[in-house]
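Visitor: Every letter in the sequence shown is one number past the one before it in the UniProt record's numbering, and letter 192, counting from 1, is 192.
Positions of the beta carbon are idealized from the N, C-alpha and C atoms, including for glycine.
Because the structure is a prediction, the values reported are computed rather than measured.
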Amino acid sequence: MKKTLEIFALDWKRIFKAPFALALVVALIILPSLYAWFNIAALWDPYGSTGDLKVAVYSDDQAVTFQDKDIHIGEDLIDSLKDNDKLGWTFVKSKADMEDGVKTGKYYASIYIPADFSKDLLSFVNGDIKKPEIIYSVNQKINAIAPKITGSGAATLQQTISKEFTATVSTTLVDVFNKIGVDLDTNLPTIQKVSSMLLTIDDHLDEIDGYTQEVLNLQGKMPDLKEKLAKANEAIAYLPEANKVADKVVKINEIMPQVDAVGTLVLDLQTKIPEIQNAGAQIAKIDGDFDTIVATLNDGVAQANNALTIISQVQQILPDVIQLAQNGSGYVTTANDLLNKLAGSLDTIAPAIKEGLVVTNHIAGNIVGVTQEIIDGNLTNQEIKDRLQGLKTQLQTSNQTIDSLISTLKSLQAINNDPKLAQLIAQMETLQQGIQVAESKIDQLIAAIDSGKDIKAEMQQIHDTAVTVQTETGNLLNSFDTVVLPTIKATIDQVKTDLSTAQGVLDQANGTILPNVSDLLTNTSGIITNALGVIQEYQKEIPALKQEIHDANVLLNDNMTLIVDGINTAAAFYQDDFPALKEKLNKASSFIQNDLPGIEENLTSTLNTVNEKMPTIETAVNTASDLIKNDWPTLKSGITKAADAVRKQKDNVDLGEIIKLLKSDANQESDFISNPVLLKEEAMYPIPNYGSASAPFYTALCLWVGAVLLSSVFKTDVDIEGEDDVKDKKRYKPIHLFYGRMLTFLSVGFFQALIVSLGNLFILDTYTVNKVWFVLFTIFLGLVFMSMVYVLASLFGNLGKGIAVIILVLSISGAGANFPVVLSPKFFQIINPMLPFTYAVDLLREPVGGILWQTALLNLFVLFAFGVAFIVLGGFLKKYVEEHMNGIESKVNKGKIFH
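(1) So what does DSSP say about residue 112, is it helix, strand or coil?
(2) Under the rule that 16 or more other beta-carbon atoms within 10 Å means buried, what is residue 736, buried or exposed?
(3) Take the Cβ of residue 786 as the centre, count every other Cβ of all protein chains shown within 10 Å, and call the residue buried at 16 or more, exposed below.
(4) Report the three-state DSSP secondary structure of residue 70 (helix, strand or coil).
(5) Taking C-beta to C-beta, are residue 53 and residue 690 nearer than 8 Å?
(6) Are the beta-carbon atoms belonging to residue 236 and residue 607 less than 8 Å from one another?
(7) Does DSSP put residue 59 in a helix, in a strand, or in coil?
(8) Are the beta-carbon atoms of residue 405 and residue 349 separated by less than 8 Å?
(9) Could you check how far apart the C-beta atoms of residue 844 and residue 778 are, in whole angstroms? I think they sit under 8 Å.
(10) DSSP state of residue 54, grouped into three classes?
(11) Take residue 751 as the anchor and find which of 15, 14, 31 and 13 has the nearest alpha-carbon.
(12) State the beta-bridge partners of residue 785 as determined by DSSP.
(13) For residue 283, which residues from the same chain have a beta carbon less than 8 Å from its beta carbon, with the 5 sequence-adjacent residues on both sides left out?
(14) Buried or exposed, going by whether 16 or more other CB atoms sit within 10 Å of the CB of residue 731?
(15) Which partner residues does residue 138 have in the DSSP bridge list?
(16) Can you give me the start and stop residues for the beta strand (DSSP E) that residue 90 sits inside?
(17) Measuring CA to CA, which of 25, 122 and 233 is closest to residue 609?
(18) What residue does the alpha helix (DSSP H) around residue 848 start on, and which one ends it?
(19) For residue 551, verify whether its CB is less than 7 Å away from any heavy atom of the ligand MN.
(20) Got a sec? Which residues, its chain only, sit under 6 Å from residue 132 by beta carbon, not counting five neighbours each side?
(21) Could you tell me whether the stretch 267-275 touches the stretch 618-634, using the rule of 3 or more Cβ pairs below 8 Å?
(22) Does the Cβ-Cβ distance between residue 202 and residue 639 come in under 8 Å?
(23) Excluding the 5 residues preceding and the 5 following residue 746 in the sequence, name in chain order all residues of the same chain whose CB lies nearer than 7 Å to its CB.
(24) Please return the same chain residues whose Cβ sits closer than 7 Å to the Cβ of residue 582, not counting the five positions on each side in sequence.
(25) For residue 55 and residue 89, which I take to be in contact (beta-carbon distance under 8 Å), what is that distance rounded to the nearest angstrom?
(26) According to DSSP, is residue 64 helix, strand or coil?
(27) Which term fits residue 463, buried or exposed, when burial requires 16 or more other beta carbons within 10 angstroms of its beta carbon?
(28) Does the beta-carbon distance from residue 137 to residue 110 come in below 8 Å?
(29) Please work out which residues of its chain come closer than 7 Å, Cβ to Cβ, to residue 394, disregarding the five sequence neighbours upstream and downstream, and give them in chain order.
(30) Between the Cα of residue 807 and those of 837, 422 and 796, spot the shortest distance and give me the residue it belongs to.
(31) DSSP state of residue 369, grouped into three classes?
(32) Classify residue 853: buried if its beta carbon has 16 or more other beta carbons within 10 angstroms, exposed otherwise.
(33) Which of helix, strand or coil does DSSP assign to residue 767?
(34) Would you list, in sequence order, the uninterrupted alpha helix (DSSP H) runs of no fewer than 4 residues that lie entirely inside the stretch 455-500?
(35) Drop a sphere of 10 angstroms on the beta-carbon of residue 715, count the other beta-carbons inside from all chains shown, and report buried for 16 or more, exposed for fewer.
(36) Count Cβ pairs between the stretch 752-760 and the stretch 21-39 that sit closer than 8 Å; are there 3 or more?
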């Protein structure tokens with residue numbers, strides 16, 4: 001204990017040596033008190049200033065006449081509110097000013113008295129009772145408490161009106177009874193007449209029973225009537241659908257000219273039945289010969305591959321041929337052999353050129369079809385973009401094929417300089433330019449589609465280019481065997497002739513033959529490769545195409561009789577029945593357009609009237625039936641009893657006694673009716689103002705805030721290194737340092753509690769019944785809170801300070817300080833008994849309102865247990881937790897942001 005006190009004394013010695021440190025300690029002692037004082041002063045008496053809460057009032061009430069008097073209750077209410085200062089009643093000039101003021105926050109709420117307020121309040125006089133309304137509007141966005149205060153004022157206004165109304169009515173009724181008592185003597189003849197009528201009704205009750213039975217029978221038939229009405233309504237409900245059908249009939253009639261034209265086409269189609277049957281036979285023949293077509297295509301692929309193989313082999317030996325030609329006549333025999341192989345490869349050139357033209361022609365045909373489909377405008381943007389991507393691929397293939405054709409032809413033309421080949425090359429270059437221009441536009445067109453531009457003009461240009469390519473290549477293919485092939489063959493034959501003799505080989509080898517043959521074979525290989533790629537693509541589609549042709553064959557030829565019969569039947573219908581149908585459809589359309597709207601309007605109007613009146617009829621019948629079933633027996637019995645009473649009254653009733661009974665004190669009776677019960681209030685532990693009532697909560701809150709603030713500024717670890725005054729530093733154990741620094745914290749907590757408690761009593765003058773106990777309880781609470789926060793901060797460092805803040809946050813809502821905890825969500829009800837704030841606030845409330853020691857002792861015990869538990873466990877856990885927390889702190893400090 002001595003060593004602990006030495007550490008405590010060392011702390012204060014250091015504080016007094018440093019003036020700035022001392023000033024900071026004084027500030028930390030005073031600051032928590034300011035937090036409590038400002039909050040208590042702000043909440044001193046909020047309900048005493050309700051007169052400053054502006055409530056707009058406006059009345060539209062119109063005066064009504066009752067018993068020759070003008071009754072204007074709305075005006076009377078306005079006058080009474082002008083004398084009421086509980087709220088800031090503000091009387092505006094219009095309803096619009098009132099509503100705008102509430103919306104903008106100029107007024108917290110509004111009271112609006114409608115135009116029929118007085119009329120509705122007096123509606124009980126004529127039996128048609130309607131409760132009057134006062135419209136209360138509140139702007140709940142401005143403040144959370146203001147709506148409750150203004151709502152209380154509105155409720156009080158309603159209660160006042162109801163009370164005065166009850167008193168007035170009861171006074172009026174008693175006054176009426178007085179008048180009845182006075183007038184009974186003068187109205188005896190009338191009473192006797194009523195008695196006579198009562199006896200007459202009693203004598204005719206059996207006849208009245210007959211009428212009631214007829215009403216019950218009518219009620220029994222109401223379900224059937226309602227069912228029939230429901231069916232009629234169902235039929236009306238289908239009128240929109242019927243109108244849709246009618247509109248379709250009109251539209252069909254409008255398109256009859258087109259139908260008529262289709263009929264003419266059917267007649268034309270009937271004349272072409274032989275052609276249709278012939279087409280079926282042709283499709284059947286194609287289906288039957290399709291395997292032969294496939295075999296031919298496969299042979300073409302095989303031949304193309306074989307040609308590529310030959311060209312490849314020749315290209316491999318071509319360098320040897322060139323070398324032999326350069327070495328001279330010593331290798332004539334070897335050169336002859338190699339050039340014979342070279343001459344044999346030249347036979348693939350003409351077929352390759354023709355195949356290249358076929359591929360180009362076919363691709364152009366595909367492009368024509370796709371561009372026409374896009375120009376027709378029946379595709380979505382995405383479908384157009386997909387088509388354009390396909391076009392781009394086909395244009396690239398076509399460009400590559402034409403390029404190979406041009407290169408091949410140029411190689412041939414270089415050999416013998418044939419003008420026909422030059423003309424063919426120029427023609428192919430023109431076609432290639434068109435293909436290249438079209439290809440360059442594809443990406444631009446895709447971008448134009450994304451930006452919403454119209455691309456029909458550009459598509460038409462591509463379409464025209466493809467048509468030109470298709471036409472030109474078609475013409476070349478048509479004249480290939482007679483015009484193009486002879487020219488190419490002549491050139492190839494010339495090359496073969498030049499290469500036919502060894503001496504010729506040597507003479508020509510270094511001239512123009514071998515260099516041009518090399519280019520020729522390369523370009524021919526390119527043509528065959530492009531053509532082969534296109535053919536192989538079609539070869540992949542052969543199975544599907546075969547199935548489609550077969551399906552078309554089966555569909556057309558198997559159903560040929562049905563198709564022919566259908567065409568003949570349609571033609572017969574058009575010639576025989578269609579004219580009558582056309583005339584009937586025209587009449588129906590005329591009826592729908594001219595007569596149907598009027599019929600529909602009359603039907604709907606009549607049914608709406610029945611629907612409108614049926615609830616009233618049904619209600620009246622049901623009311624009468626209910627009266628007959630439920631009330632008529634009682635009424636009948638009452639009439640019988642009343643008649644019997646009338647018969648007995650003549651001998652047994654003294655009207656003088658009745659008159660005496662009716663003559664009572666009206667004021668006394670009405671006061672009892674309007675205020676039958678008196679509420680006697682008895683205050684227990686009265687506290688005169690809200691600030692004093694909230695002082696326990698804010699005092700406890702400021703002590704915990706002060707402890708957390710101190711733990712954030714003061715160190716919890718004692719640094720004794722470098723102190724000349726401290727001898728034998730090693731004799732201090734961590735437990736001495738822990739409790740020594742705790743005493744320093746508790747001493748500051750003592751002064752914090754002392755200042756805030758004395759300030760509450762003598763600066764704010766809060767209401768407190770037991771002032772001394774209030775100061776002592778506050779000091780005790782300050783020591784408990786400080787010990788808890790110190791232990792958390794000392795053991796866990798910044799983490800412990802965070803835990804202290806969490807306890808503070810939970811305590812504000814969960815301690816039940818401002819509102820009963822039962823009004824809070826379940827979570828706060830659960831944690832309420834676990835929070836030290838719960839017992840701290842309850843403890844400080846005792847001296848404020850008057851101590852009930854059994855409650856005070858319970859709170860003292862729990863808080864004492866909290867303090868002892870933290871002090872003991874803190875000292876015990878310090879040595880175990882410190883090593884782990886130092887490791888955590890070192891890792892946290894690496895962030896260079898936490899102290």
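Guide: So, from the data block:
(1) strand
(2) buried
(3) buried
(4) strand
(5) no
(6) yes
(7) strand
(8) no
(9) 7 Å
(10) strand
(11) 31
(12) Residue 785 is not bridged to any residue.
(13) 549, 552, 553, 556 and 557
(14) exposed
(15) 109
(16) 88-91
(17) 233
(18) 836-849
(19) Annotation note on the ligand MN: not contained in the displayed structure, which lists no ligands.
(20) 117, 120 and 121
(21) no
(22) yes
(23) 783, 786 and 787
(24) 256
(25) 6 Å
(26) strand
(27) buried
(28) yes
(29) 363, 366 and 367
(30) 837
(31) helix
(32) exposed
(33) coil
(34) 456-478 and 485-498
(35) exposed
(36) yes
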